[in-house]
Every structure is written in structure tokens, then in C-alpha cells.
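Since the structure comes first, as C-alpha cells, the remarks are kept for the end.
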Amino acid sequence: MGIGYAAIAIKAGMSPLQTVSMSFLVYAGAGQFIAASMLASSASLMAIILTQFVVNLRYFVMSTCVLNKVEESNLPLNIFAGHLTVDESFAMFSLSSESSIWTFMGIALIAWAGWCLGAAIGVVILDLLPVIVTNSFNISLYALFVAILVPSIKENKQIGILVLITMIMNAILTPIMGNWALIVSTLIGAGIGMYIVDDEYVLTGDA
Amino acid sequence: MDYINLVILGCALVTFIPRLIPALFIDKLNFSPKFEKFLNLIPYTALAALICPGVLTVDNQLWYIGLIGAVVAAGLAWKKAPMGAIVIITVVVLITVYSIVPFF
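Chains as they are written, first to last, in this note's numbering: chain U, 1 to 207; chain V, 208 to 311.
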């Protein structure tokens, strides 16, 4: 994924250093793809930053979930954990049985390093990779998401139904609301889940 | 200042703020069990929304490429394959599919 981002960033006119710094400083999977593509189509600074804000607003929800699950931590660690909250680290930590801040930091630092390293590798070997290979790597993130989600669906049919409802809702809302759809579907989906998923399944442990 | 640097710094700022706010206030908040349930459901709905319809745009021209990948990953996960294996096998399957597609 990091490699794929580098491909778009370089095409958008970013220098190798800028490409890697963006991965380090912004650290937002899909957000960086979008920012680089908008840069390539010479969008205005305001438009890029506003879109970025909307696309990455989900991290507010995700870092709230992560920090709410964590038992013991402190402010500097929480702030660092916040910066390292992305879809992957959030997903892997939320549905794992561990709730220590260090478990999250372990997962998250590896993901962050991997993302920055991917960008660095991308700017070097970019032209050598055929589209087929980069597209095939694009699936890896989705494969990870599916791999995290399936065991819960298998264990609880109500979660499965909730997942299906949310997917359909987001597929309908995406063409209408664009970048807002993801966060809206996530929140409405969780709201629906309050009524269709039994308390005991989701309230185990940290309630 | 370079326009691209401004874009990077602006994006970094608006991405960091939503991540910072929960860190500042999480200790001062005590959530009700109902809201805890809501928060605990978010990982499932967020993953659902991230997967669909995004997975269909893995390849901009061939929507079914992503679908094949998702089905392969789901099948492997159902059979309790380890996570790393699921990701690697899915990527390999897609590279294989790409090599076959031109023959149809």
C-alpha cells in the first residue's frame, strides 16, 4: 500500500523526500492517496485540506475507541497513540483480546514503520513494478480487514447481519455523499447495532 | 514556501487534530454502558464500511478483481488460516487472476 501511494505522489510532482515525509507526518492511508491525486489534478490548497479533514475524521472515532479500551496510560503516550491510529492498527487492536497500551503501540509502530518504509521503497523501485503487481498489492489491506472481521461474524450471526447492513448502507451512501459516507455509515451502523446485537456479546470485558 | 510543503503541513495538521482530541479528554470522560456498547460496535461497522464498496475499486477498470480477492480472503479466514497467510495467498491469487484475464 505504501508503495502504491508513492507511485501517485511522485506522479503528482512530489519529491522523494516530500513523499516519505507525508507518510511520516500525515500518516493516513486513503487520505494520502486522495491528497496526492488532488495535487496531481491541481486542486486548490483549501480543497485538499478540507477533503483531508473529512476523510480522516474517522480517526477521531477510532482513537476514541482505542483509548477507551486501553486500561492504563498517560497523556504523552495517548497523544502518540492518537497519531498512530489508522484503520489497520485500530482494527487489529480493537478486535484483539489484549487491552494494554503497549500492545497497541507494538502493532501501531510496526504499521507506521511499514507504511513509511513502503513509501521509501516505492520512490526507489517505482518504475520497475508492473501495474498488475501494484494492483495486487492494493488488495492486501482489504484482505487484512476481511481476515480480522470474519472470525467475529462466524462467532455471532448478529454481528454478521450488522456488517451486511453497514456494507449495503455505505455502498448506497458513497455515490451520494462521497467522502462523508464512511464515517456516517460507521456511526449509523453502530447505532443500528445497539438494537440488533445482544448486550452480552459486545459488552464483555471493558464495560 | 513550496506549495507541496504547505499541502503536507496542512494535511498533517487537520489529520492530527481529530486524533489529538480523544487523547486530551478520554480520562475525564466516563461513558455510560449504552455508549460503551456503541463504541464497541464501531470496529465492526468501520471495517464493514472500509471494505464495501472500497474493495470493488482495487482495480479501477475491473470491479470483480477486488471481489475475488475479498471472497478468497473470507474463505481462508473462515477456515481459520493465519492472518499473514491470508494476506499473502490473496495477493498471489490476484496476480494469478491477472495473468489469466487477458486470455478471455
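Backbone N, C-alpha and C define an ideal beta-carbon position, used for all residues, glycine too.
Chain-ordered listing is empty here: chain U has no CB closer than 9 Å to the CB of V/Tyr271, the nearest sitting near 12 Å. Secondary structure remark: continuous alpha helix (DSSP H) runs of at least 4 residues inside the stretch 49 to 81 of chain U, in chain order: 58 to 69. Cα atoms of V/Pro250 and U/Ala119: separation of roughly 27 Å, rounded to the nearest angstrom. A residue is called buried when at least 16 other Cβ atoms come within 10 angstroms of its Cβ; U/Phe93 meets this threshold and is buried. In its chain, beyond the 5 residues on either side, Gly273, Ala277 have a beta carbon closer than 6 Å to the beta carbon of V/Val262.
Close CB contacts of U/His83 within its chain, under the 8 Å cut and outside five residues either way in sequence, are with Tyr27 (chain order). Taken in chain order, the unbroken stretches of alpha helix (DSSP H) that lie wholly in the stretch 213 to 274 of chain V and span 4 residues or more are 240 to 258. When the five nearest sequence neighbours on each side are left out, the beta carbons in the same chain lying within less than 7 Å of the beta carbon of U/Ala7 are those of Gly122, Leu126, Thr134, in order along the chain.
The C-alpha of V/Leu301 is placed about 20 Å away from the C-alpha of U/Leu149. Bounds of the alpha helix (DSSP H) holding U/Pro16 are 16 to 25. In terms of beta-carbon proximity, U/Val124 stays away from the interface with chain V, with every pair separated by 8 Å or more.
With contact defined as three or more Cβ pairs closer than 8 Å, the stretch 293 to 310 of chain V and the stretch 130 to 147 of chain U are in contact.
Listed along chain U, no residue sits closer than 8 Å to V/Ile307 by beta-carbon distance, the nearest being about 11 Å off. Neighbours of U/Val20 in chain V, taken as residues at a C-beta separation under 9 Å, are lacking, since the least C-beta distance is about 11 Å.
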